[in-house]
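Chains as they are written, first to last, in our numbering: chain A, 1 to 114; chain B, 1001 to 1607.
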């Protein structure tokens, strides 16, 4: 088993969180959230990877042929759907924030209300 | 009974889709009546499930993919009494909210009703899911519905900001959960809770298991608003439309704790059985810290919605203390307290909604004495404050008494004073507000200013003369329910029995994987009317009244006094207030730090 995908996933997770912490733009912030999410795709796929396995499609292949785990692929797809929903909603909110207050900067939004 | 199980989730989802699709063709009243009917029917279905599950847990396998030789590949719903009760409770709250919002919004779009039904479906799915990944999916489903509901008033910046903070922090939390799921799946090759528990129970507790529980706990605690993951909650609940707050304050935070308890007792309990003592210390510490921070902040607020929001945090802390006792009796007490506390907070939020509807605001200083003529709402608010403080023999008192008795049995004598302190502060805050707003007591707000309620959602701006019955009656019903809980026959004993079954991992695994029947036996709850508990209950109420009286007589408000008096307590409040910066980046930094702390503490405790 290779540790590379896990290292990449941890890196994406942390760099995404860092991006959210320092973000000065809500659109950028939502994209950073997607970066955090990509780390979950990678960790899921890495968990189900089998060295030398084929895609888990069992038509026209001999029985017992090594294949990667289809469950994690299904989970990743569900995760993608969840991510799209959340991103769409948050971006819509960001657009509304911009319409109402004329800025997308979380710092300015915070100070404008005190 | 079996087909009923998936229908409790499918019916509200389908109804939500149909309502959204047909909304252009029917009148608003049709939409409202049909959504109320659906929510009530789903509640009735959940109650049926509760009675069906009270003898033994019900298991439903989708597509009939039953486990073979104790190996589960299919996806299951497992209905146990605690889960079914939570689902029914959510049904009651959603029904009450739908009735309540009949007159609240001047122009409410139909999507509001659809979103509420989706939200209900998510809660029910979470409560009865027997599969870890489905717990994640339902948690996301109800969260996304909640984000949308929070930002429902898209014309105002406050709610939008609240919804963004809510959305970003909770989505990060969901990714923590998903990471935990991926790691556990890698270890166990399963997603079924029972199956995972069986596999882990036979294996070692290594760094992977500890990392997984740390990730899952972080994700669930973000939803539950445990300190230091709690920052998003006050912003969100202080700005969301009040009908939405009824649900958020009544049940949402508790769902995170429920999910944590469910996953812990089905997946990890076998593997971590030898580390109960260490886990107990950790959870109790987190719970106590959350309860104190929430209570202190609640007392320091003048914006009533924000005050109740911090009350929700304090309440979550007390519930975590209950779970942290790591025993069935602790779980049972937490369940009773969740139910009673949820009902009373929902009722208090409804009272705030009435204030907003009648007077156009919920700021303590601005409303000073302006609600003198609202006798009925005032009485309700006052009684709500007393129940929140845990006046015997209301349900909140019973829940706390059960927890305190169990803590005393475990030799944790500091739990009772903690509960009294938190009850004094949260109840006292409500009573003080009642005195100011409904009686006009305390110094008049001539020097108002500072933090204005710009962040408040102004759902209704005009002053109105009458309180609509559809707003008052649900608040009255929920408050009455919170008071009479201990007297419902079989409820206290039933929750004890349900908690015993909830915390019995081998029995859960047996009924899910092997189909064996594990009857839920009768159990007796702790005595909740013993003298020591009555004294603690009385102390809470007297303390709350005294605190309220003190602030009404002398100092204008803790916040106001900050500039002059520099006592330690006020510095603490000031410092805490500064930390709540309403900045998403800050909150994310806090939660990352919290995750690291939690992970480190768990590693130190378990490895």
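All C-beta atoms, glycine included, are put in the ideal place defined by N, C-alpha and C.
Rounded separation between residue i and residue j - CA only
i	j	result
residue 1097(B)	residue 50(A)	50 Å
residue 1501(B)	residue 1513(B)	16 Å
residue 105(A)	residue 1585(B)	11 Å
residue 1181(B)	residue 1269(B)	16 Å
residue 91(A)	residue 30(A)	7 Å
residue 1469(B)	residue 1101(B)	11 Å
residue 1352(B)	residue 26(A)	31 Å
residue 1160(B)	residue 1113(B)	19 Å
residue 1395(B)	residue 1344(B)	9 Å
residue 1198(B)	residue 1509(B)	7 Å
residue 1339(B)	residue 1013(B)	25 Å
residue 1486(B)	residue 1017(B)	38 Å
residue 1145(B)	residue 1248(B)	11 Å
residue 1074(B)	residue 1064(B)	8 Å
residue 1458(B)	residue 1317(B)	Its pLDDT being 45, under 50, residue 1458(B) is placed unreliably by the model, and the measurement read from it follows with that caveat. Roughly 30 Å between the two C-alpha positions.
Three-state secondary structure assigned by DSSP to residue i
i	result
residue 1077(B)	strand
residue 1530(B)	coil
residue 1129(B)	strand
residue 1192(B)	strand
residue 1553(B)	helix
residue 1567(B)	coil
residue 54(A)	strand
residue 1466(B)	coil
residue 1302(B)	coil
residue 1363(B)	strand
residue 1071(B)	strand
residue 1371(B)	coil
residue 67(A)	strand
residue 1458(B)	Here the model assigns residue 1458(B) a pLDDT of 45, short of 50, so the residue's position is not dependable, and the following value carries that caveat. If DSSP states are grouped into helix, strand and coil, residue 1458(B) belongs with coil.
residue 1504(B)	coil
residue 72(A)	helix
residue 1036(B)	helix
residue 1515(B)	coil
residue 1391(B)	coil
residue 1118(B)	helix
residue 91(A)	helix
residue 1153(B)	coil
residue 1315(B)	helix
residue 1199(B)	helix
residue 1228(B)	coil
residue 1170(B)	helix
residue 1325(B)	coil
Limits of the alpha helix (DSSP H) - the one that residue i falls within
i	result
residue 1590(B)	1584-1606
residue 1343(B)	1328-1359
residue 61(A)	Here residue 61(A) belongs to no alpha helix (DSSP H), and DSSP marks it neither H nor E.
residue 1232(B)	1231-1239
residue 1021(B)	1004-1022
residue 102(A)	Here residue 102(A) belongs to no alpha helix (DSSP H), and DSSP marks it neither H nor E.
residue 49(A)	No alpha helix (DSSP H) holds residue 49(A); DSSP gives it neither H nor E.
residue 1520(B)	From DSSP, residue 1520(B) is part of no alpha helix (DSSP H); its letter is neither H nor E.
residue 11(A)	4-22
Under 8 Å by beta carbon: chain D residues contacting residue i
i	result
residue 1061(B)	The structure shown contains no chain D; its protein chains are A and B.
Limits of the beta strand (DSSP E) - the one that residue i falls within
i	result
residue 1397(B)	Here residue 1397(B) belongs to no beta strand (DSSP E); instead the alpha helix (DSSP H) covers 1395-1409.
residue 1061(B)	1058-1061
Beta-carbon neighbours of residue i, restricted to chain B and to distances below 8 Å
i	result
residue 106(A)	1583, 1584, 1585
residue 33(A)	1168, 1171, 1172
Contact list for residue i against chain B, beta-carbon separation under 9 Å
i	result
residue 100(A)	1154, 1155, 1156, 1157, 1160
residue 36(A)	1171, 1172, 1175
Within chain A, the residues that residue i reaches when beta carbons sit closer than 7 Å
i	result
residue 1148(B)	89
Contacts that residue i makes with chain A (C-beta to C-beta distance below 8 Å)
i	result
residue 1588(B)	17, 20, 21
residue 1406(B)	By Cβ distance, chain A contributes nothing, its closest Cβ being about 38 Å from residue 1406(B), past 8 Å.
Chain-ordered chain B contacts of residue i [CB-CB under 7 Å]
i	result
residue 80(A)	Simply none; closest approach about 12 Å.
Residues that residue i contacts on chain A, provided the C-beta gap is smaller than 9 Å
i	result
residue 1151(B)	89, 92, 93, 96
How do the segment 1085-1095 of chain B and the segment 1043-1055 of chain B stand: do at least 3 beta-carbon pairs fall below 8 Å, yes or no?
yes
Can we say the segment 1162-1173 of chain B touches the segment 1198-1207 of chain B, given the rule of at least three CB pairs closer than 8 Å?
no
Three or more C-beta pairs closer than 8 Å, one from the segment 1149-1156 of chain B and one from the segment 1229-1242 of chain B: is that the case here?
yes
Determine contact between the segment 1535-1553 of chain B and the segment 1213-1227 of chain B, defined as no fewer than three beta-carbon pairs at a distance below 8 Å.
no
How do the segment 1305-1324 of chain B and the segment 1281-1293 of chain B stand: do at least 3 beta-carbon pairs fall below 8 Å, yes or no?
yes
Measuring CB atoms only, is the segment 1359-1370 of chain B touching the segment 1485-1501 of chain B, in the sense that at least three cross pairs come out at less than 8 Å?
no
Three CB pairs or more closer than 8 Å across the segment 1295-1306 of chain B and the segment 1471-1478 of chain B:
no
Are three or more beta carbon pairs between the segment 39-48 of chain A and the segment 66-73 of chain A nearer than 8 Å?
yes
Decide if the segment 1253-1266 of chain B is in contact with the segment 1119-1132 of chain B; the criterion is three or more beta carbon pairs, one per stretch, under 8 Å apart.
yes
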